[in-house]
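Chemist: Below you will find the structure I want to go over with you.
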Amino acid sequence: MKKFEYSINKKLINKADIDSNKNRCFVNQYGTAQDLANAIDMGFAFWAKCQQNKTRNKNNFISSNILTLDFDKEYTLKEALDNEFIKQYATIIYKTPNYTEEQNRFRIIFELEFPIKDKIAFEQAILGLLKKFPQADS
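Right under this line is the structure:
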């Protein structure tokens, strides 16, 4: 399985208690999509590879092998699972802790073939996905 870099924060569990101190606890990892999925299953926050012990924001971005879309409204999980683009390119699809049958809340992670190492290129890649899926945010 292909490995790539990302960061996780074991102090932010299911976004239950977001504060500035805990938001500085992202630790870079090197693993597979399954490793990332396991961390997500444990409720850990994740992001692109970033500067250690820094806040998760674009100024601390180093690189990313993943793009993530967050769906909170106007698009159901079933619609996503039936979408041909998502069927072909999605790596991980998971329900967020606030998911309900009435209010589908989920995320889709797309693994990239090569890492994006420029924060402007990263933002443009996300914007491209958001144009394709205007129901999402990132």
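Per our numbering, the sequence shown starts with residue 73, numbered consecutively.
Cβ atoms here follow ideal geometry from the backbone N, Cα and C, with glycine treated the same way.
1. What does GLY103 pair with, by DSSP beta-bridge criteria?
2. Cα separation between MET114 and ILE134?
3. Where do the ends of the alpha helix (DSSP H) carrying LYS204 lie?
4. Which one of ASN170, LEU139, ASN100 has the shortest CA to CA distance from LYS145?
5. Residues in its own chain within less than 7 angstroms of LEU141 by CB, not counting five upstream and five downstream?
6. Opposite SER210 in the DSSP bridges: which residues?
7. When we look at the beta-carbon of ALA193 and count the other beta-carbons within 10 Å, is it buried (16 or more) or exposed?
8. Helix or strand or just coil, what does DSSP make of ASP144?
9. Does DSSP put PHE118 in a helix, a strand or coil?
10. Quick one: what's got a C-beta closer than 6 angstroms to ALA152's C-beta in the same chain, skipping five residues either side?
11. Apart from the five residues on each side of it in sequence, which residues of its chain come closer than 7 angstroms, Cβ to Cβ, to ASN86?
12. Between GLU174 and LEU184, what straight-line distance do the alpha-carbon atoms span, to the nearest angstrom?
Modeler: The structure says:
1. Reading the sequence shown from its first residue, position 31 is the one you call residue 103. Beta-bridge pairing links GLY103 to PHE76.
2. As a position in the sequence shown, residue 114 is number 42, starting the count at 1. As a position in the sequence shown, residue 134 is number 62, starting the count at 1. So the two alpha carbons sit approximately 25 angstroms from each other.
3. In the sequence shown, the residue the question calls residue 204 occupies position 132. Unbroken alpha helix (DSSP H) run through LYS204: 191-204.
4. The residue given as residue 145 occupies position 73 in the sequence shown. For the residues ASN170, LEU139, ASN100, the minimum Cα distance to LYS145 belongs to ASN170.
5. Sequence index remark: in the sequence shown, residue 141 carries index 69 (1-based). For LEU141, where only same-chain residues beyond five positions count, the Cβ hits under 7 angstroms are ARG179, ILE180, LEU201, PHE205, ALA208, SER210.
6. Translated into positions along the sequence shown, residue 210 becomes position 138. Answer is none; SER210 lacks a bridge partner.
7. Taking the sequence shown and counting its residues from 1, one reaches residue 193 at position 121. Flag for ALA193 reads exposed.
8. Indexing the sequence shown from 1 puts residue 144 at position 72. In this structure, ASP144 counts as coil in the three-state DSSP scheme.
9. Stepping through the sequence shown from its first residue, residue 118 is reached at position 46. Of the three classes helix, strand and coil, the one that applies to PHE118 here is strand, per DSSP.
10. One-based indexing of the sequence shown puts residue 152 at position 80. For ALA152, where only same-chain residues beyond five positions count, the Cβ hits under 6 angstroms are ILE158.
11. Residue mapping note: residue 86 aligns to position 14 of the sequence shown, counting from 1. Within the same chain, ASN86 has close Cβ partners GLY115, PRO169.
12. Working through the sequence shown from its first residue, we reach residue 174 at position 102. Working through the sequence shown from its first residue, we reach residue 184 at position 112. The straight-line gap from Cα to Cα measures roughly 32 angstroms.
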